[in-house]
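Worksheet: the structure to be examined is printed underneath.
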Amino acid sequence: MESNGLMKGPSGWIENLIESFITESPENSLGNRMNDKAWAKPLIGFSSGNDPLYQFYKSDIGDFYWTPFEIFLKTFPSSKVRADQLTVLSWVLPQTEATKEDNRRQTKYPSERWARARVQGEEVNNKLRKIVVSSLHEKGFRAVAPMLSLLWEQRTSERYGLASNWSERHAAYTSGLGTFGLCDGLITPRGKAMRCGSVVADIKISPTRRPYSDHHAYCLYFSKGICGKCIQRCPAGAISRAGHDKTKCRNYLHNVVEEFVKSNYGFKSYGCGLCQTGVPCESKIPTEQDLE
Ligand code: SF4
Ligand code: SF4
-16 MESNGLMKGP SGWIENLIES FITESPENSL GNRMNDKAWA KPLIGFSSGN DPLYQFYKSD
44 IGDFYWTPFE IFLKTFPSSK VRADQLTVLS WVLPQTEATK EDNRRQTKYP SERWARARVQ
104 GEEVNNKLRK IVVSSLHEKG FRAVAPMLSL LWEQRTSERY GLASNWSERH AAYTSGLGTF
164 GLCDGLITPR GKAMRCGSVV ADIKISPTRR PYSDHHAYCL YFSKGICGKC IQRCPAGAIS
224 RAGHDKTKCR NYLHNVVEEF VKSNYGFKSY GCGLCQTGVP CESKIPTEQD LE
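Numbering (this note's numbering), first residue to last: -16 to 275.
Quick look at the structure:
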């Protein structure tokens, strides 16, 4: 036991489980001819089910937004668990060097690897969500991956427009893994070219320390008034000094990118990610020197 009374133990095997799946499993694949890995070594963080930030998201984004306690109770209605007995397990799956290199060269459409990472890579992320849930069940803990819940849905937030009742990036922010950039992506110590995932479980794990107090701390535009490189990278004009226009972005993904990927790469995907590559926050927390 640690001095704060929380068990440190469980985080170790969960971290090993996530890391070994990504680094060793043949299922971590883009499914292309070269059988490239979909994701590089992950980052993992934890937050308490009663972290006040989760309640704040609900009041800020909309009443439809779930706290960890709500999605847990919807999944296990007979549970007598309290919010403080829950932990949100969150992970970041960084894009591989090969995928980032390909996409950096693109100016209008995604590279094939990037487009694959959005769909085949997300399937890998879904497998990881299922493995984490089933491994917790085997050890006697109840767990749910909110993104895989049949109740997960997209909604409209009065304040932010397109939204959903659970956000992986907000779970990652709460779990100490990164802060938001001008383009809405989460800038993590491995950068913004990544996808993330989470599971809520009735397991007690010490929360990861958040090394920031501002939700935009790592973005050079918000912290120093410089950069804005993601504005120039967006072929849809969806990023400006006012932030990310989700409707413009979505229209581009579904009306332009989807068509391009189908005719040129022969599969269905709508991943773009130009704002996540070829920018100073692509692979790290950026500094002023990265702009030189
Ligand atoms: S490219 Fe620059 S302005 Fe855009 S999110 Fe990254 S650090 Fe912020
Ligand atoms: S994903 Fe593509 S269209 Fe959407 S904001 Fe980023 S660069 Fe623009």
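Even glycine gets a Cβ: it sits at the ideal position worked out from N, Cα and C. Everything numeric in this text was worked out from a predicted model, so none of it was measured.
>> Once the 5 residues before and after Asn(-13) are set aside, which same chain residues still bring their CB inside 6 Å of it?
In response: For Asn(-13), the predicted model reports a pLDDT of 37, less than 50, meaning its position is unreliable; a value from the coordinates is still stated below. None.
> Closer than 7 Å: is that where the CB of Tyr204 sits relative to any heavy atom of ligand 1?
Replying inline: yes
> What is the DSSP secondary structure of Cys232, counted as helix, strand or coil?
Replying inline: helix
> From Glu(-15) to Glu141, what distance separates their C-alpha atoms?
Replying inline: Residue placement at Glu(-15) is flagged as unreliable, the pLDDT there being 34, under the threshold of 50; the coordinate-derived value follows with that caveat. Straight-line Cα distance between these residues: approximately 43 Å.
>> Along the chain, where does the alpha helix (DSSP H) containing Ala81 start, and where does it finish?
In response: Glu80 to Arg87
> What is the rounded straight-line gap between the Cα of Pro218 and the Cα of Asp273?
Replying inline: 22 Å
> Would Asp185 be called buried (16 or more neighbouring beta carbons within 10 Å of its own) or exposed?
Replying inline: buried
> In chain order, what residues of the same chain lie with their CB nearer than 7 Å to the CB of Ile268, ignoring the 5 residues before and after it?
Replying inline: Ile170, Pro172 and Tyr201
> Taking Ile54 as the reference, which of Glu121, Arg125 and Ser223 has the closest Cα?
Replying inline: Arg125
>> I'd like to know whether the C-beta atoms of Pro25 and Leu76 end up nearer to each other than 8 Å.
In response: yes
>> For Gly123, count the other beta carbons within 10 Å of its own beta carbon; 16 or more makes it buried, fewer makes it exposed. Which is it?
In response: exposed
> Rounded to a whole number of angstroms, what is the C-alpha to C-alpha distance between Asn11 and Ala21?
Replying inline: 6 Å
>> At the level of alpha carbons, what is the spacing between Gly254 and Val244?
In response: 9 Å
> Comparing the CB of Cys232 with every heavy atom of ligand 1, is any distance shorter than 7 Å?
Replying inline: no
> Do Ser158 and Phe29 come within 8 Å of each other at the CB atom, strictly closer than that value?
Replying inline: yes
>> Can you tell me whether Met(-16) is helix, strand or coil according to DSSP?
In response: Model confidence at Met(-16) stands at a pLDDT of 33, short of 50, so the residue's coordinates are unreliable; what they give is reported in the following sentence. Coil at Met(-16), not helix or strand.
>> Looking at Leu165: is its Cβ nearer than 8 Å to the Cβ of Gly226?
In response: yes
>> Along the chain, where does the beta strand (DSSP E) containing Thr139 start, and where does it finish?
In response: Gln137 to Ser140
> Hey, Ser62 and Ile188 are a contact pair by Cβ (cut 8 Å); roughly how many whole angstroms apart?
Replying inline: About 18 Å; that fails the 8 Å criterion.
> How is the alpha helix (DSSP H) around Val116 delimited, first residue to last?
Replying inline: Glu95 to Glu121
> Going by the beta-carbon positions, is the gap between Arg138 and Cys179 smaller than 8 Å?
Replying inline: no
> CB-CB under 6 Å to Ser266, same chain, minus the five flanking residues each way: which ones, in chain order?
Replying inline: Gly174
> Taking three-plus beta-carbon pairs below 8 Å as touching, is the stretch 233 to 251 in contact with the stretch 84 to 101?
Replying inline: yes
>> According to DSSP, simplified to helix, strand and coil, what is Met130?
In response: helix
> Which value, in whole angstroms, describes the spacing of the CA atoms of Ala221 and Pro51?
Replying inline: 31 Å
> Taking 7 Å as the line, does the beta carbon of Val262 fall inside it for any heavy atom of ligand 1?
Replying inline: yes
> Using the C-alpha atoms, what's the distance from Trp49 back to Pro35?
Replying inline: 13 Å
> DSSP on His153, reduced to helix/strand/coil?
Replying inline: helix
>> Looking at ligand 1, does it come within less than 7 Å of Lys229, judged from the CB to the closest heavy atom?
In response: no
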